[in-house]
Amino acid sequence: MLSCAATAAQAQDSTPAPAAQTLQEQTPQVDLPTAVPASGSGEGASRGEVGIALGAFTLYPSLDVQVGYDTNVYATPAPTVGSMYTHVRPGLELRSDWIRHEVRVLANGGFGFYPAASSQNYQNYLFQFDGRLDIRNDFYATGMIAARRATEALGTPNTEFATAPTVVDTIPVEFNLYQRFNRFFYRAGAAGTRYWYYDNSIISAGGLPAASRDRVEYEQRIRLGYEVTEDLALWVAPSLQQRIYDIYINAAGQARDSVGWGLNFGATWTAGRKTKLEGFIGYQQLSYIADGSSTPATVFGLSGSWNGYEPLTIRPAISRTINESAYSAYQNFVSTTVGVDFTYEIHDAWTAVGGTSINAADYNPAAGVANTSPRTDYYWKASFGLQYSFRPQLSIGPLYEHTTGWTTDPSSGGPQYSRDQFSIRFVAKR
Numbered sequence: 016m017l018s019c020a021a022t023a024a025q026a027q028d029s030t031p032a033p034a035a036q037t038l039q040e041q042t043p044q045v046d047l048p049t050a051v052p053a054s055g056s057g058e059g060a061s062r063g064e065v066g067i068a069l070g071a072f073t074l075y076p077s078l079d080v081q082v083g084y085d086t087n088v089y090a091t092p093a094p095t096v097g098s099m100y101t102h103v104r105p106g107l108e109l110r111s112d113w114i115r116h117e118v119r120v121l122a123n124g125g126f127g128f129y130p131a132a133s134s135q136n137y138q139n140y141l142f143q144f145d146g147r148l149d150i151r152n153d154f155y156a157t158g159m160i161a162a163r164r165a166t167e168a169l170g171t172p173n174t175e176f177a178t179a180p181t182v183v184d185t186i187p188v189e190f191n192l193y194q195r196f197n198r199f200f201y202r203a204g205a206a207g208t209r210y211w212y213y214d215n216s217i218i219s220a221g222g223l224p225a226a227s228r229d230r231v232e233y234e235q236r237i238r239l240g241y242e243v244t245e246d247l248a249l250w251v252a253p254s255l256q257q258r259i260y261d262i263y264i265n266a267a268g269q270a271r272d273s274v275g276w277g278l279n280f281g282a283t284w285t286a287g288r289k290t291k292l293e294g295f296i297g298y299q300q301l302s303y304i305a306d307g308s309s310t311p312a313t314v315f316g317l318s319g320s321w322n323g324y325e326p327l328t329i330r331p332a333i334s335r336t337i338n339e340s341a342y343s344a345y346q347n348f349v350s351t352t353v354g355v356d357f358t359y360e361i362h363d364a365w366t367a368v369g370g371t372s373i374n375a376a377d378y379n380p381a382a383g384v385a386n387t388s389p390r391t392d393y394y395w396k397a398s399f400g401l402q403y404s405f406r407p408q409l410s411i412g413p414l415y416e417h418t419t420g421w422t423t424d425p426s427s428g429g430p431q432y433s434r435d436q437f438s439i440r441f442v443a444k445r
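Residues in the sequence shown are numbered from 16 upward in steps of one, following the numbering used here.
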């Protein structure tokens, strides 16, 4: 996901680079554009070569189309099935240009079509409303509400029990308060997300049916920080979490309601309009109410973008989190992703895009399940492409993507596949 410091015009230039893509796939429920910048700078968004002026608002429409071939559309060992595919991603972003306060409305879609594998077709969408209320120059509130439909693509964590992607609907709601006292600041927030799952295939014995995965997640957090310089801020962020399932005893006879807490220490470095990096390291523990078991984990993350060399923009994507498992034999998994994406302006109208990432999913056995050992699934992704811009609003070019999945316990049904995707990508924006 793009940093909230990015302008709306920059947001239209996002590429399907693998590090961010892996993060989105392994936690699709939080794959949402960040809420509007809480800058309080008193400057409206500038209109450049993209964007349509609508009074005190600017509209940013976009269309991203990929047409190509997938050598292993079901992400399985040999023999594999290939298929042509078309991915269509339309988007609209309406952003206010007010001196104070800010409002943004997003409407995005994602549609996939596989002529030789129609069970893999998908229709995703996102509707999001967010904004900032400036109470004073150093005191403001932000809020967000959204409705999102996503698919759990085959060949990603939590999908080996299905032959067609499971659909997940989410409604996230978030509210934050920010206040600054000289160099000290705090950001207090509360968030909740409602999940509904829908099976599109017969679920194997090792997977949980959709009804057993429906839940609500809550989080309360506060960030206390100090601005060492204008560019560098240090902070500490304690948090509380609650995960409550609709069905207290699921289809496997398990109770997975849990509570948790975390404590992160981090830093935010802003070195210009195009360079902003934020990283943290901390500890998280998830405790299960029914049996008192717990899962502790050291967590960390790094996000943002670096543009220290003008033609090159680098976006790191590092994350470690405790995720809910879709398998009956595993209570949860600790997901670790390390990757980097890049955009490089070669010359004039030519731009290179791509990156690489690796994701490790460490599964923890559920209490009381016999003959189940911890296992780790790995997913490596790499991509490289070229884009030729006819104008700043139009570009086209080839894109190659490779993914490999493997597991430490093949007998458990973990991933064992390799796939290649070749496509032509067309991007239009206004």
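From the three backbone atoms N, C-alpha and C, an ideal C-beta is built for every residue, glycine too.
Remember, it's a predicted structure, so these values are computed and weren't measured experimentally.
Neighbour-count burial assignment, residue i, 16 or more Cβ in a 10 Å radius
i: GLU245; result: exposed
i: GLU325; result: exposed
i: PHE196; result: exposed
i: SER54; result: Because the pLDDT at SER54 is just 45, under 50, the model does not fix this residue reliably, and the value given afterwards should be weighed accordingly. It counts as exposed.
i: HIS362; result: exposed
i: ASP272; result: exposed
i: ILE218; result: buried
i: SER56; result: Any reading at SER56 is ruled out, since the residue's pLDDT is 39, under 50, leaving its predicted position unreliable.
i: PHE176; result: buried
i: PHE405; result: exposed
i: LEU121; result: buried
i: GLU167; result: buried
i: ARG110; result: buried
i: ARG288; result: exposed
i: VAL349; result: buried
i: LEU47; result: Since pLDDT at LEU47 reaches only 43, below the 50 mark, its modelled position is unreliable, and the value read off the structure follows with that caveat. The residue is buried, with at least 16 neighbouring Cβ atoms inside 10 Å.
i: VAL442; result: buried
i: LEU141; result: buried
i: THR422; result: buried
Residue range of the beta strand (DSSP E) that includes residue i
i: ALA161; result: 154 to 167
i: LYS417; result: A quick correction: the sequence has His, not Lys, at residue 417. Looking at the DSSP string, the run of the beta strand (DSSP E) that includes HIS417 is 409 to 422.
i: LYS291; result: 291 to 303
i: SER98; result: 98 to 111
i: ASN279; result: 273 to 285
i: ARG445; result: ARG445 -> no beta strand (DSSP E), and no H or E assigned at all.
i: THR73; result: 72 to 85
i: TYR263; result: Looking at the DSSP string, TYR263 is not in any beta strand (DSSP E), and its letter there is neither H nor E.
i: GLN143; result: 137 to 151
i: VAL88; result: Looking at the DSSP string, VAL88 is not in any beta strand (DSSP E), and its letter there is neither H nor E.
i: GLY170; result: Careful: GLY170 lies outside any beta strand (DSSP E) and carries neither H nor E.
i: GLY66; result: Run containing GLY66: none; DSSP gives neither H nor E here.
i: ALA364; result: Neither: ALA364 is in no beta strand (DSSP E) and is coded neither H nor E.
i: ARG119; result: 117 to 128
Simplified DSSP state of residue i, which is helix, strand or coil
i: ALA381; result: coil
i: ARG440; result: strand
i: ALA341; result: coil
i: SER433; result: strand
i: SER372; result: strand
i: SER308; result: coil
i: GLN346; result: strand
i: SER388; result: coil
i: GLY428; result: coil
i: GLN269; result: coil
i: GLY59; result: Because the pLDDT at GLY59 is just 39, under 50, the model does not fix this residue reliably, and the point stays unresolved.
Proximity winner among the options, relative to residue i (alpha-carbon distances)
i: ARG151; options: LEU192, VAL183, PHE142, GLY83; result: LEU192
i: PHE315; options: ALA305, TYR298, GLU232; result: TYR298
i: ILE262; options: THR290, TYR210, ALA381; result: TYR210
i: GLY383; options: GLY420, GLY307, PRO311, VAL368; result: GLY307
i: VAL103; options: ASN139, ALA90, SER111, ARG119; result: ASN139
i: LEU292; options: SER318, SER309, ILE337, VAL349; result: SER318
i: LEU148; options: ALA122, ARG115, TRP395; result: ARG115
i: ALA165; options: ALA270, ASN136, PRO430; result: ASN136
i: GLY106; options: ASN87, PHE126, THR423; result: PHE126
i: VAL82; options: PHE295, THR371, LEU414; result: LEU414
i: SER340; options: THR328, THR178, PRO389, TYR155; result: PRO389
i: LEU169; options: GLU108, LYS444, SER433, SER438; result: SER433
i: PRO187; options: VAL231, ILE337, THR366, TYR212; result: VAL231
i: PHE280; options: ALA286, ALA267, GLY294, ARG335; result: GLY294
i: GLY158; options: GLU117, ALA266, SER372; result: GLU117
i: TYR212; options: ARG236, VAL96, THR174; result: THR174
i: THR181; options: ALA206, GLY222, THR310, ILE160; result: GLY222
i: HIS417; options: GLN408, GLY400, GLY429; result: GLY400
Proximity test, Cβ basis, 7 Å: residue i and chain D
i: ILE218; result: Although the question refers to chain D, the structure presented lacks it and comprises just one protein chain.
**Request:** Write down every uninterrupted run of the beta strand (DSSP E) in the region 176 to 253 whose length is 3 residues or greater and which is fully enclosed by it, in chain order.
**Result:** 181 to 196, 199 to 213, 230 to 242
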